[in-house]
Structures are given as C-alpha cells and as structure tokens.
Amino acid sequence: MHVQTGTENNNAVIAGARPAVDDGQLIDIVLTSDAHGAFVWGVLDRLLDEHGLCFGNITASGFGAMEAAVLTYGLALGDRRGARTALTNFWRRVSHASMFAADTASPLRSILEQSIDIAEIRKNSCPVKLSILASNARTDAVKTFTSDQLSIDAIVAAATIPFLFPAVEIDGDTYWGDGDLSGLPPVQPAEGGHRLIIASKPSTSMTPCGACRLAAGHGAMKPTQIHTIFDGRHRAGAALFLRPWTDWGELTDMRDRGRERADDWLLGDHLFVGERSAVDNKNRYV
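Heads up, the final residue of the sequence shown is numbered 292 in our numbering, and it's a clean run with no missing numbers.
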C-alpha cells in the first residue's frame, strides 16, 4: 500500500467556488511534456475537488507521465482523497530525493516504485485508462504504451530527458521522453466529450482536428470539445530544472498557481458547452 492517508494536505476546496460541472461529467486529460510538473500537480489537485467531474482517459508525456501514473494509482486505491494524497507524497519524495542526488535522473525509478504499484494501474477495474507516450531513441517514432504495455520502464522512459540521460531499454529497443505534441493521439468525436490539455504555453498544434468540427447537421453526435489550461508564467519555473535541489516551498508555490489557473477555468463554465457554439469553444486559453 503506497498511498499514505495520514500525510497532511493543506489544499482545501476554494471557499465559495460553485461546482462547474454536472454530475458525472466525463473529461479526458492530456499532460504535455513541456508543462512544469508542479504546475500540473496544482491543476490536477484542483480538478479533484470537483466531485461531479470524472476522469476518463489520461494521456501523458514527459515528466507528466510520472504524475499521471501516481494520479491513476491514487484514484484506484483511494478515490479522490487517495489521489490527492498520492500526488502530495510523490512530490515530497521528489523534493527530498533531489537534496541528495548527484543528478536529477537517477532517483526517478526509485521514487516511482515507492509511489505506485503498476499492477493496480494495469487492472481492468482501474477507473482511469492511462496512456504513456515515449519516443524511440533510434527512430524518433512516438510509441504509446497502454494497458498491458504499461510498466515502470515505460513511465521512466517517458520522463527521461533526451540526450541528457540514457534512454531506457524496453523489449530490445530504447526510449526516452517525447517532446512533440503532434505525437498525441487524435481526438475522437464523442457525445458531449471533453478533452483538457495542460501545457506550459499555447501552441498551434493544439488546434482541434477537423473531426472535432463536425457540423451539427451532419449527425447527432456533438463534437469533442478541446480545452487548454496553460501556465502564463511557465518561464518562471525554468530555473528549477537547473538546480540539484528542488525546494519544497517553490514547488508548492507553483502548485498553488496551477490550482488558481484551474479554478479560473472551472469558474468560467468551460464545461457548459451546450449553450455555446462549437466555434465559440475552440481553444479557450486561460
């Protein structure tokens, strides 16, 4: 049992914030490789406050693959409280390990193994379907690891910075982090579906695909709605990657900024898409 339910978590639900989603609203999450991990933590932590919001599929690349695995594991074992506790414990391990590590890559596997049980994530009963993206170090082809392909190796590979650290061998080939957002799986139209991309900054590659702009007269299905939360101060976190010690106070500051951005997005009624046209809901950046 990796989730420590006794760990203190000071992130209370924001007072006065009304629920922004209907009961049972399903949303898919995409964590891009350029988003700072502590900012992503804050966004996820705030979304977990919304009891009417349910995570469907989570697709992650870069360091976000580690967070996505921890989130999925926490949800599997302890629902929302378990997920928030698991994320907090994970980041405490990251901060603690960075104080004693000679480099920032070696602790990743140990931290992940302390934070999750991969067998729980691979179970069919797992409430969230997780997909991890990594690049083939030899061919640059992006591979998506899902279901029974998920492993500690695959998650560590996705979080490995190309050229700075050795690629991870999986089934006779080598993989490392994927930084190309165009490698993300295409959005499939779904009835009332939503996909939320968490990134460091806007990108033209986040524009919804043609399949997401289905005209209402072409069928009964509604287009998948694409939303993005990005960190307007993403450059402020760059220095954290250049220091061997990841300060807990700075991490929680970035977490809190992520919570604020997610709260702004939720209070903006971004999931109430029925009252707006498909054109009005394309890429609303916070």
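We put the beta carbon where it would ideally sit given N, CA and C, even for glycine. This one's a predicted model, so the numbers in the text were calculated from it and none came from an experiment.
In this chain, the beta strand (DSSP E) harbouring R201 covers 200-205.
Contact holds between the segment 76-94 and the segment 122-132, because three or more Cβ pairs, one in each stretch, are under 8 Å apart. Taking a 10 Å sphere around the C-beta of A125, we find fewer than 16 other C-beta atoms and assign the residue as exposed. In the pairwise beta carbon analysis, the segment 26-46 is classified as touching the segment 63-71: at least three pairs are separated by under 8 Å. Across the structure, L272 and F236 are spaced so that their CA atoms are roughly 14 Å apart.
For S137, the enclosing beta strand (DSSP E) has its first and last residue at 135-142.
Per DSSP, the continuous beta strand (DSSP E) segment holding N63 begins and ends at 59-66. Cβ-Cβ separation between A163 and T38: approximately 17 Å, too far for a contact (criterion under 8 Å). Minimum Cα-Cα distance from I167 among the listed residues D154, R90, Y181, A268 corresponds to Y181. For L59, the CB contacts under 7 Å within the same chain, skipping 5 residues up- and downstream, are V27, Q31, I33, L53 in chain order. Where L37 is concerned, the enclosing beta strand (DSSP E) starts and stops at 31-37. Taking a 10 Å sphere around the C-beta of S137, we find 16 or more other C-beta atoms and assign the residue as buried. The closest CA to that of L202, considering only Q231, D179, I176, is found on Q231. Measuring C-alpha to C-alpha distances from A74 to each of A160, T234, G199, P113 identifies A160 as the nearest. Cβ-Cβ separation between I158 and E119: approximately 6 Å, consistent with a contact (criterion under 8 Å). H102 sits in a helix when the DSSP states are folded into three classes. Residue G264 holds the alpha-carbon nearest to the alpha-carbon of K207 among G255, D51, A165, G264.
Here D179 carries a strand assignment [DSSP, helix/strand/coil]. With a threshold of 16 other beta carbon atoms within 10 Å, H233 meets it and is buried. Counting the other CB atoms within 10 Å of its CB gives D146 a total below 16, which places it among the exposed residues. Within the model, the alpha-carbon separation for D40 versus R87 is close to 27 Å.
R115 and H42 have their C-alpha atoms roughly 19 Å apart.
The beta-bridge partner set that DSSP reports for T152 consists of S137. Each residue's CA atom was taken as its position, placing G199 and S67 some 22 Å apart. Between V49 and G70, the CB-CB gap reaches or exceeds 8 Å.
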